[in-house]
Each structure stands twice: as structure tokens, then as C-alpha cells.
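What follows is a short report on a single structure.
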């Protein structure tokens, strides 16, 4: 069965530290897609990135980077030089036929 | 750029009352979704509509019904509200029913059932 596990329920780091959010998935599909979403304290859900199963290149966007490793079924998200504005709940998600399933999220606190 | 619009933003109901949550998108997306978000549970899919004219059950459909009124609108109805349905409800849309497309979310409806 399709499954997404975000083992870290809550993380706190001091501003400017680097932080990695873990995501491990299970899937029976050979072609699949992985996503990360951000939910800031204001409550909206913001799409961050999509990655397909054939592209294992790491992705970098400013202070954000993603490490996709098929061998370990992981799609981890790293924030470099964290800022208070990065405080949010982050969700990892996996494609499942015509829908997406979400992990339970990791709440990230960036302390000033 | 409205994107996905949900109404109302907040609602308080009494047990047994009925209510319809409205959702509309202006991105010409084919697929629409309803989720509920509860503390520690992440986002759970209630119902979805992969294309106009179709609806399917998600992970937690009991106690809910949906209507895909047209391509733009997808409503969620609680026929007889129960305290267990207290939650934040999110509507989302995506370009197609293929799950390779990112979903775009509304701002949510915070629903309390007393």
C-alpha cells in the first residue's frame, strides 16, 4: 500500500541553523511523484516542489534543497540558514493513482 | 488571481444540523478534492472528483456527500453533523486527474460541531 512517513513530528532549531526534514515513502508503482507542501501559521497550504521517480537529481531553490534517494525510498528536505519565516508545518506527499496521499507533517519551529 | 475559493471560512453548528461547504476554482482545472485536517493526522482525503461528472470516495467519506456542480464548483455536504466532524476542511484542485500534478488549495473552512 502507498504510504508516506514523516517520523519527525516536531523540530525546533535556532535561526541560521540548517535543518533537514525526513520523508520516507512506500509505493508499489514504478512511476510515481513526490511533493512537498508548506503550511505556515496562517493556515494555507503552499506547493513547494514536485519530483518524478525517474529524476534523482537533487534540487536546490535558494535556501531550500531536496534529496531524492530511490534506494532508500526517501525524499528529504533541507533548509539552509533557517529563518523565522520558515516556521511552518511541512507535508511530504506521494502520488497514488488519481490522487495524492500526504504524510502527517512535521512542525518546524525556528527560534530567534 | 482568486485560485481556489472556499466559503464559509468559519462555521459553528449544532449536532444534527446540516451544512454545505462551497468550493470554486478559476484555473480551469479538471480535478477537485476535499480534505479534512485534524491535529496529528495530516490531511485526509474525503472525496474527490477526477473530472466533471465523476466523484469518488477517499479515505474518510462516511458522513459526507459531494456534488461536482460544474467544472468550477465542488461542494461538500454534511447531512447530520457530528462532533467528530469538527475539523479544518480544505478544498483543492489540480489540472488533471493524473496524480503527477500539484494540487492548489483554498484557505480552508474551520468547522466546529457542538
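Protein chains in written order, with this note's numbering: chain A, 95 to 206; chain B, 3 to 116.
All residues carry an ideal CB built from backbone N, CA and C; glycine is no exception.
On a predicted model such as this, the values are computed, not experimentally measured, just so you know.
Just to confirm, are residue 9 of chain B and residue 24 of chain B a CB contact at a threshold of 8 Å? yes
Interface residues of chain A facing residue 89 of chain B [CB-CB closer than 9 Å]: Simply none; closest approach about 13 Å.
Along chain B, in chain order, which residues have C-beta atoms closer than 7 Å to that of residue 194 of chain A? Per Cβ cutoff of 7 Å: 101 and 105.
Chain A within 8 Å of residue 52 of chain B, Cβ atoms only: Yes, residue 52 of chain B counts as interfacial toward chain A.
Contact criterion: CB-CB distance below 8 Å. Does residue 147 of chain A meet it with respect to chain B? no
Determine the chain A residues that contact residue 47 of chain B at a beta-carbon separation under 9 Å, and present them in chain order. One finds 193, 194, 195 and 196 in chain A with Cβ atoms closer than 9 Å to the Cβ of residue 47 of chain B, taken in chain order.
Let me see if you follow: with CB-CB separation under 8 Å, is residue 141 of chain A close to chain B or not? yes
Give the secondary structure of residue 108 of chain A by DSSP, where H, G and I count as helix, E and B as strand, and everything else as coil. It is a strand residue.
One or two residues paired with residue 34 of chain B in a DSSP bridge: B:51 and B:95
Return no unless some Cβ of chain A is closer than 8 Å to the Cβ of residue 43 of chain B. By the rule that beta-carbons nearer than 8 Å mark a contact, residue 43 of chain B touches chain A.
Inter-residue CB distance, residue 51 of chain B and residue 193 of chain A (contact presumed, cutoff 8 Å): Not confirmed; about 11 Å, so no contact.
Starting from residue 105 of chain B, follow its DSSP beta bridges and name the residues at the other end. None, per the DSSP bridge assignment.
Stretch-stretch touch, CB-based, cutoff 8 Å, three pairs: the stretch 150-164 of chain A with the stretch 4-19 of chain B: no
Who are the near neighbours of residue 104 of chain A in its chain, counting only those whose CB is closer than 6 Å to its CB and skipping five residues on each side? 201
Residue 12 of chain B CB to nearest chain A CB: under 8 Å? Not closer than 8 Å to any Cβ of chain A, the Cβ of residue 12 of chain B fails to qualify, so no.
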